[in-house]
Amino acid sequence: MSETFHIVVCGGIVPDPLQTLEPVAGANGPALKNEMLLPHVLDPWAGHALYEAAHLAKARAGSKLWLVSLAPKAKLQQVMMTVAQRVPLELVAVDGASGGFTDSFDVAAALAGAIEAIPGLDRTRLLLFGGWESASRAAGATLQMVGERLGITEQFQGVDELTVSDDGSLRILERVEGGQHQVSVCSGPPAVLGWATGNLPEPANSPQIGMQNMRAIMPALQKAKAAQVTAGCTFASVALPKQQRETRVVKDAPVEDIAREIVDWIIAE
Amino acid sequence: MSERSAMDVDIVCVGFGPATGGFLHTIAPKLAEMETPPAVICYERAEGLGFGVSGVATRALGIRTSFPELDPSQIPMAAPIHEEKLLYLLDPTGASRRSPGVRALDLLAKLPSDNHAVEVPWIPSFLHKKNGLVLSIGQFNQWVSEQLMMTGTVQLWPGMPVAEPLIEGEAVVGVRLADQNGEPGMDIRAALTVVADGPVGPVGRKLDDYFGVPPGFERNDWAVGSKMVVELPDNCPLEPGTVWHTVGFPEPEIFGFFYVHPGNVASVGIFVPSWFDNPVRTSYRYLQHYVMHPFLWQWLEGGRLRSWGAKSLQESGRHGEPWLVGDGFARIGEGSGATNVLTGSGVDEAWTTGVQLGESVLELMREHAPYTSENLKRTYVRRRRESWLDAESRVAANARNGFQRGFLTGMVGMGLAAMTRGRVTVHGHSRPSQDRVQPMEKYFARRIPLPEISRIEKQCRTDGISLHDRLMDRVGWPPIPFDGELLVSHQDALLMGGKVQGAAGFGDHVRFADHDLCELCRRRICMEMCSGEAIAPSKDGGAPVFDREKCVHCGACLWTCDNIQFEAGGGGLHSAEN
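Protein chains in written order, with my numbering: chain Z, 1 to 269; chain H, 270 to 847.
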């Protein structure tokens, strides 16, 4: 149990998915309407990665945890007010456009550059965490490219569990088809882990963690370097998934009836 | 449960709204100049600082004083007021309950009306918001918080409800955070506790319980403000800064507003007051009838609901002013009785109380004086008493008393109070809402036969639903033609453009103290006016059930029923556009 890690979590921010999101054509390509007015949250996939990372860092005394985030500085600051209460972390902020319409290649380059510049980061002990997917897009490409740019060849995606064995090797459960997991073992860091949902709940707020984090977060935000991220391609069209909202409050309906109604609806569609 | 932990800071603020914004904006730049600045921390229940439920038309006297170079275009959804109208709305449905006096007024107004509305040819000066601003309180709070955080001198923590004050002897020594995930909430010990948790906040109420209230104190007058943020149709010609105040519809007792923000967006809302006697008064259904009033509908038809929300407004004004200070604490904002009930203005007043406390705290810091009751009185309370805020509050103190005797008497009372600077008012005895609201049989006496009321009531109990829709349908309110865009069901409104979500780890914040009492209760006004349908009939007919996933924290249940315990809780409605 002597293995310690330097864990870097790549985590973007997204408009709160519970808000009304509407794609519009902006000057530089597609955008979300009033995106800067909407409250943002840490990308839920990255959130799982962060909470797993915090748990691991706590269990392995001497480990360190960084959160590297590329986002508009003002929005990132708002998100940090919530996130920074939950886990002890060091923020590395990169000021740039976030959202679903930026090019993964540019984003990966900016994140990799920021990680390479972290003072004191021991890349032989590096575990690069992030979301397997993202609430703003689901290409699942960014984290892989960050890993490749950092020369990390051990990559795992759709991770639900990481166990560190006594010999320091990593036992990793990756999601595969049919609700099954693939079990892999690698000898140790460096490795890339793109998390699915993991197993841990959101940690409770801790005023002490918040106080401690915030002392470094504001300076980190103030010195965030700007990154140029582009759309990288031309979007032919952008649309929300088709949805139909029809709310009814029905109590005590038998499961069979609910299932039958859903099947009828799918057939009718 | 593990042991409770504690942390020491210098100043702890409870709630982040305009009052705390004013306070922190005043002290933050000075703290930045100090070699060892005090630790200042603020906890807010909502999950973001851009929460808040208010479309605001404000004179912004205090806000402009704090920001002398204010450029409204820097604040999202803000615009200078450029047109202001007072409209009397007639009832196009025939369902509104109108007294003979109001019917006479309707006859007079009918002749010059356009689309069932008449523009009142002059706006009383007290209602004017000249040189003021239209704001979204959510966006304003967010804008203020961004600036505060960038100073690096204060810490703002959303998503963290505060349960109660820590009291030792006669002094407040900090606050206790709400329990989370079964763990005891942390004690935050502070030399000064700034209480700004609004009119239904648990910390302010617990201070009142412990220290008592000043002679003459009463908080019987309330309203539920319910509003929509609407994306106007593309061709809507209304300009940002358009402000309409309305009276007369959907019921004479219900006032309304229509404010246009930049970006072709409007805030449209109503106030349902505690002196409205209808025992089944869901603000949401009334709000839908309001937006469908022909005068408003001509601009709103084809629009889209962006978000929706509701909150309680403390309308006792000066009469609801608690002890403003004590050893170790000071109260600011709406919960400190700052709202001007004559002008219907609260945001700028709340901001100003925060500024006054901020200036006072800086003065005491310079003197190295402790935050004792005496010191806070000679600084904060003195500033407040010597300010325009207090002078206007005195004028407004009894302005609304007349509404206790009816809509028209109330309007006359407001006019008299305004014209005589508060020297002449109409007398009206204010009663708590639960004592005042009429039984269904009385309120609907001439409109629904008694046996039918009983039948509807029985059927609703069997169906497990509240009464208001059935009774409103019965007295002639037309059905809402849901279009899935602007006119949506109450449940859908909870899901559209906002975030109504009980935060994980916190307990239920609404509880029913005596279940036997609930079982005997026929009126069940807690369900009938719940803004989020979070309080609903139980299967067994006993105490209602509470679903915190739907609660928007409006707090209306608190002031309509003595049997409700409204405690600290996380979550609630969060739409930064509100």
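Idealized CB from N, CA, C, for every residue including glycine.
Other residues of its chain near residue 60/Z: CB distance less than 8 Å, five sequence neighbours each side excluded: 1, 3, 4, 5, 164
Taking the C-alpha atoms as reference points, what is the distance between residue 368/H and residue 807/H? 36 Å
Anticipated Cβ contact below 8 Å, residue 65/Z with residue 14/Z, distance rounded: Not really, about 21 Å apart at Cβ, beyond 8 Å.
List the DSSP bridge partners of residue 90/Z. 66/Z
Against residue 457/H, what residues of chain Z qualify as contacts under a CB-to-CB distance less than 7 Å, listed in chain order? 207
With DSSP collapsed to three states, give me the class of residue 330/H. helix
Please confirm if the region 687-697 of chain H is in contact with the region 659-671 of chain H, defined as three or more CB-CB distances below 8 Å between the two stretches. yes
For residue 329/H, tell me which candidate among 306/H, 615/H, 675/H has the shortest Cα-Cα distance. 615/H
So what does residue 10/Z bridge to, in DSSP terms? 68/Z, 130/Z
What does residue 316/H reach in chain Z if we use C-beta pairs closer than 7 Å? 82
Rounded separation between residue 792/H and residue 622/H - CA only: 38 Å
Which value, in whole angstroms, describes the spacing of the CA atoms of residue 676/H and residue 346/H? 33 Å
If you check the beta carbons only, do residue 240/Z and residue 23/Z fall under 8 Å apart? yes
Within the region 156-224 of chain Z, ranges of the beta strand (DSSP E) (whole runs, at least 3 residues): 170-175, 181-186, 191-195
Is the CB-CB distance between residue 230/Z and residue 106/Z below 8 Å? yes
Of all the beta strand (DSSP E) runs that stay within the bounds of the region 817-845 of chain H, which reach a length of 3 or more residues? 833-835
Along the beta strand (DSSP E) that carries residue 781/H, what are the first and last residues, could you check? 779-781
So, for residue 133/Z: in the same chain, excluding its five sequence neighbours on each side, which residues have a beta-carbon less than 6 Å away from its beta-carbon? 45, 140
For a contact meaning CB atoms closer than 9 Å, what does residue 452/H contact in chain Z? 204
Interface residues of chain Z facing residue 435/H [CB-CB closer than 9 Å]: Within chain Z, no residue comes near residue 435/H; the closest Cβ sits about 14 Å away, beyond 9 Å.
Does the region 780-797 of chain H come into contact with the region 750-760 of chain H, if we say contact requires no fewer than three beta-carbon pairs (one atom in each stretch) closer than 8 Å? no
Positions along the region 159-176 of chain Z whose CB lies within less than 7 Å of some CB in chain H: none
Quick one: Cα of residue 503/H to Cα of residue 211/Z, how far? 46 Å
Endpoints, the beta strand (DSSP E) within which residue 580/H is located: 573-583
Could you tell me which residues DSSP pairs with residue 805/H in its beta bridges? 814/H
So, residue 560/H versus residue 497/H, is the Cβ gap smaller than 8 Å? yes
Counting contacts by CB-CB distance shorter than 8 Å, is residue 37/Z in contact with chain H? yes
Using the Cα positions of residue 298/H and residue 423/H, report the straight-line distance between them to the nearest angstrom. 10 Å
Provide the residue span of the beta strand (DSSP E) that contains residue 320/H, from first to last. No beta strand (DSSP E) contains residue 320/H, which DSSP labels as neither H nor E.
Using a 10 Å radius around the Cβ and a threshold of 16 neighbouring Cβ atoms, would you call residue 494/H buried or exposed? buried
DSSP state of residue 409/H mapped onto helix, strand, coil: helix
Residue 99/Z versus residue 403/H - alpha carbon distance: 30 Å
Where does residue 515/H fall in DSSP's three states? strand
Can you find at least 3 beta carbon pairs, one from the region 429-442 of chain H and one from the region 564-583 of chain H, that sit closer than 8 Å? no
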